[in-house]
Amino acid sequence: MSAELSESLDHFYRGESDDLYWTDSSWFSWAIPEKDICGLVWTHFRPNMNCLCGGPAMWDLSGQHVWEFPFFDFQTMRRLPEGRYAVDYDKYDFTTPWSLSVKMIEPLQTYRISYDRAGFRLDLEFNAIAPPNIMNRPSPEQLKSAFKLHFEQPGRIHGFVELEGERHEVDTFSIRDGGHGPRFMEMSPPGGYAWSTADEKTGFHVLAPGSGEGPQSKVIGGYILRDGVLSPTVDGARRVLERSGPRPEVIEVKATDELGRELHAIGRAQVPAEFMLYPDRGQWWTLFKWDYEGASGAVGEDQEYYGIHEFRKWHRAGPEGWAKR
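All residue numbers for the sequence shown refer to UniProt numbering, where the first residue is 1 and numbers rise by one.
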C-alpha cells in the first residue's frame, strides 16, 4: 500500500478549510456475535470548533436505547487533545482526557484501540484483510453535507472488553471507515449502510441513500470482496423486506462491481440499537447475520439513518406508514 494513500487516509487532512463543520472521522466496529453483543469506537474531530466527539459503545439484547446499553460513553463537544492539531497528535495517534486512545501500528493495516473508564475496559487491535475502498462515485448533491473523502476497509478485530470485572474476548471479522469533509447531517435523506465480512476473502459494503419513499434505495458506493479481490460497486440496491415496527428486520442487498461480479445478500437483525449520536441525526445501528457467497450467518451490520426531523416523523408514522417503506 502506497505511502501517498497512507498520507491521505491515515492522517488529518493537510489542506485548509474554514467550514465550521469540517470533520475528520474514524470508526471501528467490533462484536461478539456468539454472545449477542455489538460495539463500536467512533471519533469525529472538528478542528474549527476546537472540539472532538467520540467514544465507545457496547449493546446487547437487554435494550436498544443508549440509556439501556451495558456501556455507552460517546462524548460530544469535548476540547481537542492537548497540543497542536495534526502536529502533536494525529488522526490515529491520540489519547483523549476520557482515556480513549487510537494508535496506528502499521499504515493502512494495523490499529490499536484502548479505553479504561467508568468500569469499562477495552483493548482491541484491528488488522486489515484488504486495501481500503475509497468512495469516489457519490454525486456532490447526494453527499455534499457528509464528506469530501470517505473510505471503508474490511478486517479482523481481536482483543477484549471488560465491564464491571467481567471480561469478554473479542475475535471477529470487522470493518472500519474514515473520512474528512464538511459534515452537517440535519437535512440528510433517509438511507442505508450495510456491510459484512465473512472471512479473509469474502465480504461487501454498500451505501444507499434514499428518497424516503418506498423500501428500496440505490447503492451509490461500496465494494465486493470475493476470492480476496476487492472491487468497487457500480450499481445495486438495498431493500427492506421486513420491519419490526419502524426498524429494519430483514434486508436484501444486490450489487454489481467494476469486475462485473454480482452480489445477492440477505441479512437478518440480531442485536438492534437506536442511536442519536448527534442531536441532528437518528439511526438504527443493528448487528446483522448475513447469508451470501455460500456463507451463512456471517457477521455484519445494517445502519438505517435519518435527519432528525425525518426520524421523528418516521417514528410517529405508525404501522400504516411503516408498511410503505
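All C-beta atoms, glycine included, are put in the ideal place defined by N, C-alpha and C.
DSSP places R312 inside the alpha helix (DSSP H), whose first and last residues are 308 to 316.
Beta-carbon to beta-carbon, V41 and I134 are separated by about 21 Å, too far to satisfy the 8 Å threshold. M49 is not bridged by DSSP to any residue.
Look at V219 here: in three-state DSSP terms it is coil, with no helix or strand label.
With the rule of 3 Cβ pairs closer than 8 Å, the region 195 to 211 counts as touching the region 236 to 253.
Linking V66 to F74 through their CA atoms gives a straight-line distance of about 10 Å.
Annotation for E274: Q64, H65, W284 place their beta carbon closer than 7 Å to its own, counting only its chain and skipping 5 residues before and after.
Looking only at K218, L122, G155, the smallest Cα-Cα distance to L163 is reached by L122. In this structure, G203 places its C-beta atom within 9 Å of the C-beta atom of L225. In the structure shown, W322 adopts helical secondary structure according to DSSP, grouped into three states. Between K91 and H150, the CB-CB gap reaches or exceeds 9 Å. Here the C-alpha atom of W30 lies approximately 8 Å from the C-alpha atom of I175.
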